[in-house]
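Trainee: Protein chains in written order, with our numbering: chain A, 297 to 403; chain B, 297 to 403. Built from N, CA and C at the ideal position, the CB exists for glycine as well.
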DNA sequence: CTTTATTATCGTAATATTGCAATATTACGA
DNA sequence: TCGTAATATTGCAATATTACGATAATAAAG
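Below, the structure written as structure tokens:
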């Protein structure tokens with residue numbers, strides 16, 4: 297086994313799980329936090345800042361990017377990564393609407 | 297490898313990742329949603345409702361419970377699970393405060 | 001006491017994730 | 001062109017997660 301049976305669940309539920317997975321690793325949370333805190337843009341700084349290998353950081357950036365949360369563009373050799381704030385707020389809204397609908401009805 | 301290097305990150309960041317991991321599987325999202333929607337309490341209903349084996353559902357319940365999100369008590373043979381709404385709102389606040397602090401500063 | 005219903009736990013197989021070294025790839029500067 | 005810097009990709013090795021059958025534990029019913 298080991299395969300998540302996504303086909304069992306509704307799109308809405310699967311989406312929430314997919315978005316949550318982006319935040320489910322501390323490196324990715326740290327990356328998002330760092331990107332958001334910097335005045336200018338970042339790139340390889342994340343490697344020295346966070347302390348994981350360049351390959352690993354790049355991999356995490358891909359995961360975050362696949363969720364639509366990043367905008368990256370090359371400026372010469374360096375790539376400037378920054379937050380896609382529209383997408384970020386969209387995801388935040390979806391998660392929050394789930395939170396709001398979830399209440400305590402028993403016990 | 298395969299081990300998340302938690303010791304690299306701050307407690308705050310690790311906490312966010314840990315909480316997010318609870319929501320990072322559709323079965324757990326579905327369980328929380330279902331528990332919240334039911335008038336009374338549930339138990340083995342989740343198995344027939346969601347369509348995963350009893351062992352699997354029980355495992356997911358443990359994960360959700362370990363995050364402090366469930367209150368469960370036996371009523372005879374049946375165990376009534378329900379949401380620990382205080383804890384739920386606490387986690388919601390922690391996640392939201394991260395979201396709020398995250399903004400777009402470049403590009 | 002025996003059976004049945006309900007939930008938890010154990011063991012295991014399959015798959016996913018994490019992390020890194022090595023290796024591309026791409027762009028700039030000398 | 002050549003070397004260097006920055007990032008991406010590939011190919012593992014180690015560990016984690018997911019799922020389920022089998023089994024244990026517990027309590028009610030008969």
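Going by alpha carbons, who is nearest to residue 379 of chain A out of B:378, B:332, B:395?
Mentor: B:395
Trainee: Cutting at 7 Å between CB atoms, please list the residues of its own chain near residue 337 of chain A, excluding the five before and the five after it.
Mentor: 376, 377, 378
Trainee: Got a sec: is the Cβ-Cβ distance from residue 370 of chain B to anything in chain A below 8 Å?
Mentor: With 8 Å as the cut-off, residue 370 of chain B does not count as an interface residue toward chain A.
Trainee: Under a CB-based cut-off of 8 Å, is residue 300 of chain B close to chain A?
Mentor: yes
Trainee: What span of residues does the alpha helix (DSSP H) with residue 369 of chain B cover, start to end?
Mentor: No alpha helix (DSSP H) contains residue 369 of chain B, which is instead part of the beta strand (DSSP E) from 366-371.
Trainee: Does DSSP classify residue 301 of chain A as helix, strand or coil?
Mentor: Residue 301 of chain A: coil per DSSP, three-state reduction.
Trainee: Using a cut-off of 7 Å between C-beta atoms, extract the partners of residue 406 of chain B located in chain A.
Mentor: Since the first and last residues shown for chain B are 297 and 403, residue 406 of chain B lies out of range.
Trainee: For residue 315 of chain B, collect the residues of the same chain with a Cβ closer than 8 Å to its Cβ; drop the 5 residues on either side in sequence, then sort them by chain order.
Mentor: 363, 387, 390, 391
Trainee: In the stretch 316-347 of chain A, which residue ranges form an unbroken alpha helix (DSSP H) of at least 4 residues, counting only runs that do not cross its ends?
Mentor: 322-333, 341-346
Trainee: Quick one: does residue 332 of chain B have its CB under 8 Å from some CB of chain A?
Mentor: Judged by the 8 Å Cβ criterion, residue 332 of chain B is in contact with chain A.
Trainee: Count the other CB atoms, across all protein chains shown, that sit within 10 Å of the CB of residue 382 of chain A; report buried if there are 16 or more and exposed otherwise.
Mentor: exposed
Trainee: For residue 360 of chain B, tell me which candidate among B:328, B:304, B:300, B:334 has the shortest Cα-Cα distance.
Mentor: B:328
Trainee: Quick one: Cα of residue 313 of chain B to Cα of residue 393 of chain B, how far?
Mentor: For residue 313 of chain B and residue 393 of chain B, the distance between alpha carbons rounds to 14 Å.
Trainee: Return the residue from the list B:385, B:334, B:342 that minimises the CA-CA distance to residue 324 of chain B.
Mentor: B:342
Trainee: From the DSSP secondary-structure annotation, give me the bridge partner or partners of residue 375 of chain A.
Mentor: A:370
Trainee: Check whether chain B comes within 8 Å of residue 321 of chain A, counting only Cβ atoms and requiring the distance to be less than that.
Mentor: yes
Trainee: So the candidates are A:400, A:397, A:399, A:365; which of them puts its Cα closest to the Cα of residue 317 of chain A?
Mentor: A:365
Trainee: What residues from chain A crowd round residue 374 of chain B, counting only those whose CB sits closer than 7 Å?
Mentor: In chain order: nothing, as chain A lies at least about 12 Å away.
Trainee: Leaving out five residues on either side along the sequence, give the residues of the same chain with a beta carbon under 8 Å from the beta carbon of residue 322 of chain A.
Mentor: none
Trainee: Taking the CB atoms as reference points, tell me whether residue 280 of chain B and residue 304 of chain A lie closer together than 8 Å.
Mentor: Residue numbering for chain B in the displayed model covers 297 to 403; residue 280 of chain B lies beyond these limits and cannot be assessed.
Trainee: Give a yes or no on whether 8 Å exceeds the smallest Cβ distance from residue 364 of chain B to chain A.
Mentor: Answer no: the Cβ-Cβ gap between residue 364 of chain B and chain A never drops below 8 Å.
Trainee: Round the Cβ separation of residue 309 of chain A and residue 320 of chain B to the nearest angstrom and send it over; I've been treating them as touching at under 8 Å.
Mentor: Wrong, their Cβ atoms sit about 12 Å apart, outside the cutoff.
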